[in-house]
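Here is the structure we will look at.
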Amino acid sequence: MPLVNMAPLLKDARSGGYAVGSFSVANMEMVLGVLKAVEETKSPAIIQIAEVRLNYSPLELIGPLMVAAAKNSPMPVAVHFDHGKAAEKIKQALDIGFTSVMFDGSHLPFEENSRITAEIKKTAAAYGADCEGEIGCVGGSEDGSEDIAINCTSPAQALEFYNKTGVDALAVAIGNAHGNYKQAPKLRFDILEQTAGLVPVPLVLHGGTGILPDDFRRCIKLGINKINIATATFDSVEQSAREAYANQAVKGYYDLQTAEVEGAYRNALKHIEIFGCAGKA
Ligand code: 13P
5 MPLVNMAPLL KDARSGGYAV GSFSVANMEM VLGVLKAVEE TKSPAIIQIA
55 EVRLNYSPLE LIGPLMVAAA KNSPMPVAVH FDHGKAAEKI KQALDIGFTS
105 VMFDGSHLPF EENSRITAEI KKTAAAYGAD CEGEIGCVGG SEDGSEDIAI
155 NCTSPAQALE FYNKTGVDAL AVAIGNAHGN YKQAPKLRFD ILEQTAGLVP
205 VPLVLHGGTG ILPDDFRRCI KLGINKINIA TATFDSVEQS AREAYANQAV
255 KGYYDLQTAE VEGAYRNALK HIEIFGCAGK A
């Protein structure tokens with residue numbers, strides 16, 4: 005059960021009442037750690053990288069690695085290009101074999117966001133891949149470089165956006181933000197419920213790091229079927245490496261690599277359990 009498309013994974017999640025974890029990765033150790041947790045729990049999963057991360061992990065190197073890892077996994081794994089902004093980068097990901105792409109036009113006026121997302125949806129479809137869009141504006145930014153204000157999704161506009169673009173999954177802004185929250189997020193479950201009642205495709209929750217388990221579960225009940233986790237993975241990998249040094253477990257480079265894999269594994273495992281997707285592969 006190797007590389008798969010995102011849409012069927014999310015469709016199953018919607019009918020099964022769970023969410024698929026979409027884990028950001030930056031190197032081989034993170035990919036290995038996430039897929040170890042996925043295999044152990046027999047879960048479907050998505051591995052992703054955002055455009056802003058490519059300065060550290062060039063797409064032409066990390067992309068083929070992600071695709072090869074998904075193909076090699078006994079579990080269904082989709083490979084997703086997260087927060088795509090430039091059409092040529094999105095196309096590069098599709099050429100490499102990514103099975104879904106996001107166009108993030110959340111900062112653009114509604115009409116422009118709809119128009120470009122619809123174009124990207126067509127491009128992705130020509131590759132047999134899926135497309136995610138965003139309506140409203142999730143706070144912060146994927147790599148913490150910008151402090152973008154939260155602009156909650158309007159449910160009626162979400163439906164209009166869906167009708168104009170035909171996206172396969174829709175990211176909503178309900179008080180969530182990227183990065184570590186300065187204070188516990190107060191999610192607008194009312195907006196989520198109304199949006200899910202109108203839009204017929206699975207909804208996506210960005211900014212998964214720091215959301216409490218019960219809030220995740222409530223979001224899933226109300227219509228979230230894809231949850232993005234980035235910062236928690238990076239933090240867990242760093243923490244695991246620090247612990248390994250503190251415990252004098254690093255005798256050479258390969259011990260550091262093992263600690264990194266372990267950090268990504270632990271974080272993915274924890275989220276897979278919360279999202280209810282263990283055993284759903
Ligand atoms: P966090 O870094 O808050 O987990 O957000 C991840 C995300 O939404 C990536 O698109």
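Under the working numbering, the first residue of the sequence shown carries the number 5, and numbering increases by one thereafter. Glycine residues also receive a C-beta, built at the ideal position from the N, C-alpha and C atoms.
Around the beta carbon of residue 191, 16 or more other beta carbons lie within 10 angstroms, which makes this residue buried. In the pairwise beta carbon analysis, the segment 231-251 is classified as touching the segment 23-38: at least three pairs are separated by under 8 Å. Secondary structure within the segment 14-42: the beta strand (DSSP E) runs of 3 or more consecutive residues, fully enclosed, are 24-28 (chain order). The three-state reading of DSSP puts residue 264 in helix, counting H, G and I together. The C-alpha of residue 184 lies about 10 Å from the C-alpha of residue 234. Listed by position in the chain, the residues whose beta carbon lies within less than 6 Å of some heavy atom of the ligand 13P are 28, 54, 86, 87, 146, 182, 183, 210, 211, 212, 213, 232, 233, 234, 235, 236. Checking the DSSP bridge columns, you'll see residue 7 partnered with 81. Out of 83, 211, 194, the CA that lies nearest to the CA of residue 138 is found in 211.
Listed in chain order, the non-local C-beta contacts of residue 236 below 6 Å within the same chain comprise 213, 271, local neighbours out to five positions each way being set aside. Apart from sequence neighbours up to five positions away, the residues of its chain that approach residue 125 with a beta-carbon distance below 7 Å are 135, 169, 170, 171, ordered along the chain. Taking a 10 Å sphere around the C-beta of residue 65, we find fewer than 16 other C-beta atoms and assign the residue as exposed.
The continuous stretches of alpha helix (DSSP H) do not include residue 229, which lies in the beta strand (DSSP E) extending over residues 228-233. Per DSSP, reduced to three states, the secondary structure at residue 275 is helical. If you look at residue 67, you'll find it in the alpha helix (DSSP H) that goes 63-76. Bridge partners of residue 52 according to DSSP: 28, 84. Sixteen is the threshold: since fewer than 16 other Cβ atoms of the shown chains lie within 10 Å of the Cβ of residue 217, the residue is exposed. Residue 98 is classed as buried because its beta carbon has at least 16 other beta carbons within 10 Å across all chains shown.
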